[in-house]
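Student:
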Amino acid sequence: MKKFLATAFLFTVAIAAFAQGAPAAPGLFEGKFLAHIALAIAAAGCGMAQGKAVVAACEGIARNPQAAGNIRTTMIIGLALIEALVIYVLVAAFAVK
1 MKKFLATAFL FTVAIAAFAQ GAPAAPGLFE GKFLAHIALA IAAAGCGMAQ
51 GKAVVAACEG IARNPQAAGN IRTTMIIGLA LIEALVIYVL VAAFAVK
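So this is what it looks like as structure tokens:
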């Protein structure tokens, strides 16, 4: 349920961030402010996801030291993909007028 609510909130933020048309008066949740909020949420989510990935990799290596190389390689690829999501949000934040 928590993941569903988080996803619904992020979709709501994304819809507001990428809405077309010019508003009559600039509001609080528009433009650069919304881009900064989205970047903060993405960075927080990235930090939590990377922490969970490292913990799982350490536990896996502790349980099976012979598989350390494979686990480490998979973890590094996963961390790079997680970090890429934050970079996409950063690029979108720079693209906001």
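In terms of my numbering, the sequence shown opens at residue 1 and continues consecutively. Don't be surprised by glycine CBs; every beta carbon is placed ideally from N, CA and C. The structure displayed is predicted, hence computed values, not measured ones.
For N64, name the three-state secondary structure that DSSP assigns.
Tutor: Translated into the one-based positions of the sequence shown, residue 64 becomes position 64. Coil at N64, not helix or strand.
Student: Please classify A95 as buried or exposed, where buried requires at least 16 other C-beta atoms within 10 Å of its C-beta.
Tutor: Numbered from 1 along the sequence shown, position 95 holds the residue referred to as residue 95. Answer is exposed; the Cβ neighbour count stays below 16.
Student: Enumerate in chain order the residues of its own chain whose CB-to-CB distance from V86 is below 7 angstroms, with the five nearest sequence positions on each side excluded.
Tutor: Position 86 of the sequence shown, counted from the start, is the residue given in the question as residue 86. Same-chain partners within the cutoff: A42, A43, C46.
Student: Quick check on DSSP: helix, strand or coil for G31?
Tutor: Reading the sequence shown from its first residue, position 31 is the one you call residue 31. The answer is coil: DSSP assigns G31 none of H, G, I, E or B.
Student: Are the beta-carbon atoms belonging to I76 and I61 less than 8 angstroms from one another?
Tutor: The count along the sequence shown starts at 1 and reaches residue 76 at position 76. The count along the sequence shown starts at 1 and reaches residue 61 at position 61. No, they are not a contact pair.
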